Amino acid sequence: GASISATGRIKDFPVSPTGKLDASVVAVDLKPLVDVAAQHYPNNAVLKGLAGRAAAYPELFQDARVDLVTSAAANGDGTTGLAVSAQGKAGGSAFSASLSGKGVADRLLEAPVSLTFNARNTDATALLALYGLPALPLGMLGEATTDVSAKGTLGGGMATSFNLIGNDFKAGFDGTIAGTPQGPTAKGKVSLEAADIEPWLMTTGVGLPGMGTGMSTWLAADADFGNGLLVLSMLSGAINEAAVSGDVNVDVKDGLPHLAGALALDELDLDPMAVALFGDQAFLGAGGAWPTAPFSQKSSLPFTAELDLTTASLAAGPLATAYDAALSLKLDQEGIRVSDLKAKFAGGALSGLFELKNNDGTGLFSGQMKLAGADLATVLPQAGISGSGDFSAALSTSGKSVDAMVAALSGSGTAALKGLTIAGVNPDAFGAFIAKADAIGRDIDAAKTARFAPQIAADGSFPAGDIDVAFTIAGGTLRAPPVNLENPAAKLSADITADLNASTVAASGSITYRPGDEALVGSDPTVNFSVDGPFGAAKRQFDSEPLAQFLTQRALEKEQQRVEAMQAALLEKQRLRREVRYYAALQAERERAAEELRKQQEAARLQAEADARAKAEAAAKAQAEAEAKAKADAQARAEAEAKAKAE
């Protein structure tokens with residue numbers, strides 16, 4: 026199927042051919058001619074490579090026309106000078122090439138050689154195929170050009186420059202290429218720039234999860250290739266504006282590229298790796314439910330790896346993101362292994378390891394994680410709790426889909442909570458309850474209590490201090506033993522479960538307030554509560570029935586105390602009345618006795634006065650009588666004397 030025309034003269038063929046030859050080759054497809062030549066010269070690496078490329082990309086040499094000019098001449102020093110130039114087109118590629126050198130046939134590795142090659146194609150796919158890369162005819166790349174120049178000896182090394190330039194794409198190499206008994210070697214600087222690398226990856230058969238949104242890429246490194254191993258040193262650049270740097274070794278293991286080394290990244294998302302491991306449909310859910318699509322039977326990871334990584338941001342898809350992470354990552358066709366993980370998460374220090382496998386369509390997971398000094402408000406957002414916590418857990422599961430793995434999740438762990446505060450729980454509500462109940466009075470009942478108790482019970486925060494909680498996970502459900510929290514004003518107890526299958530949480534418990542002097546026998550001031558609903562949107566309800574019983578009993582006892590106080594007051598009044606009558610009688614008797622005494626004293630006084638008066642009258646009478654007698658006696662004497670005198 027090829028038409029060859031040639032003119033020229035060659036002598037001393039094939040020992041030391043010299044001469045000049047002009048040839049033209051025209052063919053609908055050069056592949057059969059290349060295959061024949063490769064079979065005829067099985068040790069010719071160039072022909073063998075071209076045959077392999079044509080087999081992989083059948084359009085590579087179609088509609089071909091090649092014009093070739095060759096000349097060879099003896100140099101007089103035992104060497105032969107060779108010059109070859111070619112131009113034409115094949116497979117849609119317009120190309121030109123030149124080769125010049127001198128040497129002897131049995132020492133070709135020592136011969137100085139200079140060559141150039143450049144080509145242009147409206148579809149860069151053909152150029153990728155020409156360089157031996159897998160190339161799918163997707164028509165996504167557009168026009169591209171390539172050029173190669175090399176100068177030196179195959180044995181000692183050829184200074185080589187290579188470029189492949191397309192639409193917003195450029196790949197290049199600048200260094201030295203040499204041939205050795207162990208195979209070709211290359212050393213130099215490589216670079217890659219692409220506004221969007223995804224079409225190029227797709228064309229070469231590399232599929233990554235999440236493709237379709239674009240991936241800008243800029244990479245540069247010092248490259249050293251030999252014995253099938255490519256060493257990339259001082260790698261630097263960015264993927265989607267996220268920086269990448271480090272040192273990586275690349276070889277082929279089990280038919281896939283294998284990466285080993287250390288990289289520093291701006292960001293790393295484990296989600297695409299999991300999607301490649303379990304299939305594109307495995308993580309597509311609807312309505313917030315866990316995905317139910319079965320896992321693929323085998324992994325589609327495009328490469329394997331053993332890397333030590335540091336990354337500013339480490340994401341597990343939409344589930345969680347850690348920062349300032351360091352880890353060892355191993356990827357193979359069995360799964361993903363992460364060990365020596367250290368990162369910052371939720372304000373704390375995250376450490377641990379885990380393994381995720383795809384065993385013929387069955388997913389296997391096992392892991393051990395620790396989180397120290399985490400901010401509870403960040404770990405459990407919208408849960409209404411604050412403080413810090415240390416968490417540890419060991420988990421494992423298996424299943425043929427994500428929802429099946431969640432349903433089979435099992436393990437155990439601990440949580441040491443420090444400075445725990447629960448929002449929406451008022452430990453100091455008792456005084457307000459009493460004030461409200463007293464305002465209502467003896468008519469307090471369950472309905473009236475329900476009108477004010479929930480609002481008061483929720484108006485505050487419950488400082489619970491430090492607590493250690495152990496938990497278990499079985500069948501995708503987390504359970505913890507009853508939790509008891511206390512502070513000086515109240516005690517809170519709760520039973521907590523979390524259904525990871527339905528992504529819901531449920532808790533029930535009670536808040537018992539310390540009544541102090543208001544304590545009653547047989548009844549405590551308690552408010553029950555329940556929490557139920559999806560993670561981050563659970564609803565809380567209060568049940569004030571136990572509190573209503575306490576307040577009702579308190580009101581009854583207060584009423585009984587009031588009645589008893591009234592009865593006591595009545596009895597006291599009666600007693601006082603009796604005492605008043607008694608003391609009034611005593612007073613009356615005292616007054617009667619006093620009056621009687623007064624009367625007696627008055628009578629005695631009057632009698633004394635009468636007696637004194639009578640005595641005085643008697644004395645006066647006696648005196649008067651005495652005086653009268655004395656006067657009479659005196660008168661008698663005087664009369665007697667007068668009589669005497671008269672006589």
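Numbering (our numbering), first residue to last: 26 to 672.
Positions of the beta carbon are idealized from the N, C-alpha and C atoms, including for glycine.
Please read all numbers here as calculations on a predicted model, not as lab measurements.
Asked: Boundaries (first-last residue) of the beta strand (DSSP E) holding Leu339; Found: Thr329 to Ala340
Asked: Where Thr439 falls: helix, strand or coil (DSSP); Found: strand
Asked: Reduced DSSP category for Leu284 - H, G, I as helix; E, B as strand; rest coil; Found: strand
Asked: Sequence-distant residues of the same chain with beta carbon closer than 8 Å to Thr551, five excluded per side; Found: Ser535, Ile536, Thr537, Tyr538, Pro571, Leu572 and Phe575
Asked: Sufficient close CB pairs (3 or more, under 8 Å) joining the region 161-178 to the region 129-138; Found: yes
Asked: Three-state class that DSSP yields for Gly77 in the structure shown; Found: helix
Asked: Alpha carbon of Thr439 to alpha carbon of Ala418, nearest angstrom; Found: 7 Å
Asked: Rounded straight-line distance, which links the Cα of Met259 to that of Asp520; Found: 56 Å
Asked: Cβ neighbour criterion (16 or more within 10 Å) applied to Lys461; Found: buried
Asked: DSSP three-state assignment for Val59, whether helix, strand or coil; Found: helix
Asked: Integer Cβ distance of Ala111 from Asp92, believed to fall under 8 Å; Found: 7 Å
Asked: C-alpha distance - Thr497 paired with Val530, whole-angstrom precision; Found: 15 Å
Asked: Residue(s) in a DSSP beta bridge with Thr522; Found: Arg504 and Ala531
Asked: Helix, strand or coil at Val450 according to DSSP, with G and I counted as helix; Found: coil
Asked: Glu634 versus Leu595 - alpha carbon distance; Found: 55 Å
Asked: At least three beta-carbon pairs within less than 8 Å, the region 248-262 to the region 202-212; Found: yes
Asked: CB of Asp385 within 8 Å of CB of Gln480, strictly; Found: no
Asked: Pairwise C-alpha distance: Asp484 and Pro513; Found: 17 Å
Asked: 8 Å Cβ cutoff met for Ala63 and Ala76; Found: yes
Asked: Phe560 versus Gly280 - alpha carbon distance; Found: 44 Å
Asked: Reduced DSSP category for Val598 - H, G, I as helix; E, B as strand; rest coil; Found: It should be pointed out that residue 598 corresponds to Lys in this sequence rather than to Val. Lys598 falls in the helix class under three-state DSSP.
Asked: Same chain, Cβ closer than 7 Å to Leu302, five either side skipped, listed in chain order; Found: Ser324, Leu326, Gly360, Ile361, Leu381 and Asn383
Asked: Proximity to Gly456 [Cα-Cα], best of Thr446, Glu666, Ala544 and Gly113; Found: Ala544
Asked: Own chain, CB closer than 6 Å to Leu72, minus 5 neighbours either side, in chain order; Found: Ala62, Ala63 and Tyr66
Asked: Secondary structure of Glu266, DSSP reduced to three states; Found: coil
Asked: 6 Å Cβ shell around Ala482 - same chain, five flanking residues per side excluded; Found: Asn451, Ala454, Val552 and Phe567
Asked: Within 8 Å, strictly: CB atoms of Ala371 and Leu334; Found: no
Asked: C-beta atoms of Gly204 and Gly167 nearer than 8 Å; Found: no
Asked: The alpha helix (DSSP H) enclosing Ala403, as first and last residue numbers; Found: Residue 403 is actually Thr in this sequence, not Ala. Residues Leu401 to Val404.
Asked: Residue ranges of each beta strand (DSSP E) within the region 107-148, 3 or longer; Found: 118-128 and 137-146
Asked: Delimiting residues of the beta strand (DSSP E) encompassing Lys176; Found: Ala169 to Thr178
Asked: Alpha-carbon spacing of Pro42 relative to Lys355, whole angstroms; Found: 56 Å
Asked: Pairwise C-alpha distance: Lys598 and Glu616; Found: 26 Å
Asked: Range of the contiguous beta strand (DSSP E) that encloses Val688; Found: Here the chain has residues from 26 to 672 only, and residue 688 is not among them.
Asked: Residue environment, Lys56, which counts as buried when at least 16 other CB atoms sit within 10 Å; Found: buried
Asked: Distance between Met298 and Val53 (C-alpha atoms, nearest Å); Found: 44 Å
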